[in-house]
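Report on one structure; see the data block that follows.
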DNA sequence: TTCTTTATGATACTATAGTCTCATAACGAA
DNA sequence: TTCGTTATGAGACTATAGTATCATAAAGAA
């Protein structure tokens, strides 16, 4: 019984002790990740006041530990974000959702980089599905106009916005374009706005590719 | 003279020998990467018929070697792509460039995934720069309209298109949206087209945010 | 050919990831 | 309290990344 790959639901004896140890490791990892560098398993274990062997008893790899480390400010909840927002302007709502997600993304950039790198390593087929925050957010922002667009256009807009909304867009802005957060905000905001308008124009024009 | 961090331009004596060794390492790495797994420095060195120590004389890290490994079908050369293309329609040219890059991207998807994962591992500051194919391609496609746009709009359009043109867009389409290559082509094509039009509309409207 | 220069190979070294084993200390029940 | 169970700590072990050093073989010039 040396290995217990998933101790998420602490069962059996000493459940509380195991939950505490697990939480201590995750909190320690998150705290070290905030500094922007990838800690070693030794460092996380030391910060959590446990031995390295124990750390490996709870997480099979260092990455598994880092990936589960809690994100600061949690994910922006789609429903909460628009709960008391009477606006029906899709551009405004999309911009609001994008801003919220981007704030979270940049705040947790080091962790998200590691999580993305991890998911890239495994084959896309058999891989554990990536958690998908963006789709909910995008659909919530577009809710007021969903009925105004035909299904194909709506789906296309959702997909196009997914290119702008996630960690990957942050990676492009940082690593390829060398932009800071404010500049990234500007570019992604303009892009999202252009896409929403284009979808609405598609509706107005009738034919998908038609121009006046 | 143990280290020679950048032997790209072989200078001094035995220039040819050094060029050959360097090329052998890159070719070996590329061949191993085709299989979809990340090779060790030992494996690359052995495949290239050199010692591990020599491999480190040419590339400071394994990552630096893998990142420079050549891709199948080379990168679509921006100048060659538009050399005998008289078209000045920016939408058409952008679409052509996007199609060419995407073909290459999907052809080398496994290798590009590894390369991206590698580059994500290191901090964005001190990391070895990622090779950047997309910017040249985008600028070549937009050459005919560059003068028609003010500098800020042009720059914004280039950056926005960078979100759609690279490996990251392929990752989003595959891992998040679960699209095949054809569907990805459709979404990115529509997105790029919308962005080009939006930039041209910005010009027509005078004020960046104005709508008729 | 011979000699100098230098790219290379061999090897040892440290640091970290990850696995495994065993002894111990702490928990929880009696 | 005592006692059995078990989470933990300590440490050895392998594999790989990366560095450093020294001897050798090969290139190129005389």
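Residue numbers (our numbering), protein chains in the order written: chain A, 606 to 817; chain B, 606 to 817. Ideal placement from N, C-alpha and C gives every residue a C-beta, glycine not left out. The structure displayed is predicted, hence computed values, not measured ones.
For this session: Could you work out which residues of chain A lie near residue 742 (chain B), taking near to mean beta carbons separated by less than 7 Å?
Result: Close partners of residue 742 (chain B) in chain A (Cβ separation under 7 Å) are lacking, with about 12 Å as the shortest Cβ gap.
For this session: Taking only beta-carbon positions, decide if residue 755 (chain B) is within less than 8 Å of chain A.
Result: In terms of beta-carbon proximity, residue 755 (chain B) stays away from the interface with chain A, with every pair separated by 8 Å or more.
Exercise. Which chain B residues are close to residue 773 (chain A), counting only those with a beta carbon under 7 Å from its beta carbon?
Worked result: Residues of chain B passing the Cβ test: 773, 776 and 777.
Exercise. Using 8 Å as the limit for Cβ to Cβ distance, is residue 607 (chain A) near chain B?
Worked result: Note on residue 607 (chain A): pLDDT 32, under 50, position unreliable in the model; the coordinate value appears next. So, not an interface residue.
For this session: Could you tell me whether the Cβ of residue 803 (chain A) comes closer than 8 Å to any Cβ of chain B?
Result: Under the Cβ criterion of 8 Å, residue 803 (chain A) is counted among the residues facing chain B.
Exercise. Taking Cβ-Cβ distances shorter than 7 Å, what residues in chain A pair up with residue 726 (chain B)?
Worked result: Under the 7 Å cutoff, chain A gives 722.
For this session: Give a yes or no on whether the minimum CB-CB distance between residue 701 (chain B) and chain A is below 8 Å.
Result: The beta-carbon of residue 701 (chain B) is placed no less than 8 Å from the nearest beta-carbon of chain A.
Problem set entry | Per-residue burial, residue 627 (chain B) [other beta carbons within 10 Å of its own, 16 or more giving buried] | Per the 10 Å Cβ criterion, buried.
Problem set entry | Beta-carbon proximity of residue 718 (chain A) to residue 725 (chain B), cut-off 8 Å | Yes, they are a contact pair.
For this session: Inspect the beta-carbon positions of residue 703 (chain B) and residue 671 (chain B) and report whether they are closer than 8 Å.
Result: In this structure, residue 671 (chain B) does not lie closer than 8 Å to residue 703 (chain B) by Cβ.
Exercise. Using 8 Å as the Cβ pair cut-off and three pairs as the minimum, do the stretch 677 to 689 of chain B and the stretch 758 to 778 of chain B touch?
Worked result: Cβ pair count under 8 Å is below three, so no.
Exercise. Taking Cβ-Cβ distances shorter than 8 Å, what residues in chain A pair up with residue 830 (chain B)?
Worked result: Past the edges of chain B, shown from 606 to 817, lies residue 830 (chain B), and the structure says nothing about it.
Problem set entry | Whether residue 784 (chain B) touches residue 763 (chain B) by CB criterion (8 Å) | No, the pair does not count as a contact, with Cβ atoms beyond the cut-off.
Exercise. Using Cβ-Cβ distances below 7 Å, what residues of the stretch 779 to 791 of chain B are close to chain A?
Worked result: If the cut-off is 7 Å between Cβ atoms, the stretch 779 to 791 of chain B has 779, 780, 781 and 782 near chain A.
Problem set entry | Enclosing alpha helix (DSSP H) for residue 758 (chain A) [first to last residue] | Segment 756 to 770, the alpha helix (DSSP H) holding residue 758 (chain A).
Problem set entry | Separation of residue 664 (chain A) from residue 629 (chain A), as counted between CA atoms | Looking at the backbone, the Cα of residue 629 (chain A) and that of residue 664 (chain A) are separated by about 12 Å.
Problem set entry | Backbone CA spacing between residue 765 (chain B) and residue 647 (chain A) [nearest angstrom] | Cα atoms of residue 765 (chain B) and residue 647 (chain A): separation of roughly 41 Å, rounded to the nearest angstrom.
For this session: Select from A:645, A:743, A:618 and A:786 the residue whose C-alpha is nearest the C-alpha of residue 700 (chain A).
Result: The shortest C-alpha separation from residue 700 (chain A) is found at A:743.
Exercise. Would you say residue 799 (chain B) faces chain A, with C-beta separation under 8 Å as the test?
Worked result: Using a Cβ-Cβ cut-off of 8 Å, residue 799 (chain B) counts as an interface residue toward chain A, since at least one Cβ of chain A sits closer than that to its own.
Problem set entry | Cut-off 7 Å between Cβ atoms - residues of its own chain near residue 694 (chain A), not counting five sequence neighbours on either side | None.
For this session: Using the Cα positions of residue 792 (chain B) and residue 759 (chain A), report the straight-line distance between them to the nearest angstrom.
Result: Cα-Cα distance, rounded: 12 Å.
Problem set entry | Terminal residues of the alpha helix (DSSP H) in which residue 647 (chain A) lies | Element bounds for residue 647 (chain A): 646 to 652.
Problem set entry | Any non-hydrogen atom of the ligand ATP within 7 Å of residue 649 (chain A) CB | Absent from the structure shown: the ligand ATP. Ligands present: none.
Exercise. Which residues in chain A sit within 7 Å of residue 767 (chain B), going by Cβ to Cβ distance?
Worked result: What residue 767 (chain B) touches in chain A: 777, 781 and 782.
Exercise. Got a sec: is the Cβ-Cβ distance from residue 764 (chain A) to anything in chain B below 8 Å?
Worked result: So yes, residue 764 (chain A) belongs to the interface.
Problem set entry | With 16 other Cβ atoms within 10 Å as the buried cut-off, status of residue 696 (chain B) | Classification of residue 696 (chain B): buried, given that the 10 Å Cβ count is 16 or more.
For this session: Mind reading off the beta-carbon distance from residue 659 (chain B) to residue 650 (chain B)? Whole number of angstroms is fine, and I expect it under 8 Å.
Result: With 8 Å as the limit, residue 659 (chain B) and residue 650 (chain B) qualify as a contact, their Cβ atoms being about 7 Å apart.
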